[in-house]
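Residue numbers (mature numbering (1 follows the signal peptide of the UniProt record, and there is no 0)): -21 to -1, 1 to 397.
Beta carbons: idealized from backbone N, C-alpha and C, even for Gly.
Since the model is a prediction, treat every value here as computed from it, not as a measurement.
I have placed the structure first, in the form of structure tokens, so that the comments after it can refer back to it.
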């Protein structure tokens, strides 16, 4: 069985591993050697640098309440090479806090993750996100392999002070958004702050548009060879290229971290990102007056949805020697107290029923959650290893739409060996 898992894991590409973007030195095999007299040590692997402080706080509380169970957090940058090596050796962390994307689905299908269907870990999860989790795994494998924990929203950060100075309201349609960008440009403001040095930062724009304008079941249709990017993403490609024209300066030379600093200090009316950027912005300027809205992709306000997905999926390694202790930690994470702490500190949303985000920053998108007017991140259903972020970035540099859309199709087909 181990040899089978190893073979399956070696098929995960380097691009897939980039999506995880973190790992550590402690594995289930390592922790067996490192078992201490006063208990066991579990490795918690997180792919988010933004939540390190929060997870460290949660771990400290857990260890106080559970003497003898030690949690070692691993979340270093640029760890994709190390992670690839570990996966090919079946060296998998005990607990994983990873994104709800194609890589999670591959790990589940490869038998790497514990099936938690018969546990009580899913009882408090909102059904919509549980369904999203199952779609990521697909129908070829039965079971539930992760707890949808924190969810996020793809949208537009607003510099409220500049919006007020310009006498503008929150745009509700694409036409209103473009009009606001034109006014900002005329008044000498940077209409949209872009950080396209980091290819992945093009994806919040791509997903915001694609979640509204592309066919809702695009991935399913594409997999069945019943559609293509050429057919389904023409309007998305046109509009993302139009929006990029409202950036100023070296938009391909500015990275995410520096962009967060600039937006925190008042540069840019809008910043197309996700709620995950808010804690980073507030670290740079706690007094930043920012708000958040859905990206208005259509001129029909009723057609505009909020793109939301699973930001953190909690999963347990099938090869962990301490599954019961790992389950106990996951139970602690999904408790009401800790779930509230997480979304408060991370400016996130919860997949746990009854845990609500009340921060006024999100007043503009509250109605989307209340009405269920939500669509998932399109790229979470693209094949792992496709490298869509690099292809989109390349398109925004050279601007050849026809070549770009054909390349998206060919790279998808290449990954799935069509």
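query: Alpha-carbon spacing of residue 375 relative to residue 229, whole angstroms; result: 13 Å
query: Backbone secondary structure at residue 112 - three-state DSSP; result: helix
query: Residue 124 in three-state terms, based on DSSP; result: coil
query: Reduced DSSP category for residue 207 - H, G, I as helix; E, B as strand; rest coil; result: coil
query: Own chain partners of residue 45 with C-beta closer than 7 Å, once the 5 adjacent residues on each side are dropped; result: 307
query: Cβ-Cβ distance between residue 92 and residue 313 below 8 Å; result: no
query: Whole-angstrom distance between residue 145 and residue 364, CA atom to CA atom; result: 43 Å
query: Exposure of residue 226, with buried meaning 16 or more beta-carbon neighbours within 10 Å; result: buried
query: Contact set for residue 268: own chain, Cβ-Cβ below 8 Å, skip 5 residues either direction; result: 138, 139, 140
query: Closest by C-alpha distance to residue 252, when choosing among 26, 345, 173; result: 173
query: Own chain, CB closer than 8 Å to residue 84, minus 5 neighbours either side, in chain order; result: 115, 116, 117, 363
query: Validate contact between the region 181 to 192 and the region 269 to 280 using beta carbons, cut 8 Å, 3 pairs; result: yes
query: Coarse secondary structure for residue 173, derived from DSSP in three states; result: coil
query: Contacts around residue 23, its chain only, beta-carbon distance under 6 Å, and the 5 residues preceding and following it disregarded; result: 50, 52, 74
query: Distance, residue 216 Cα to residue 395 Cα; result: 23 Å
query: Beta-carbon proximity of residue 326 to residue 265, cut-off 8 Å; result: no
query: Reduced DSSP category for residue 387 - H, G, I as helix; E, B as strand; rest coil; result: helix
query: CB contact flag (residue 81, residue 356, <8 Å); result: no
query: Beta-carbon proximity of residue 207 to residue 388, cut-off 8 Å; result: yes
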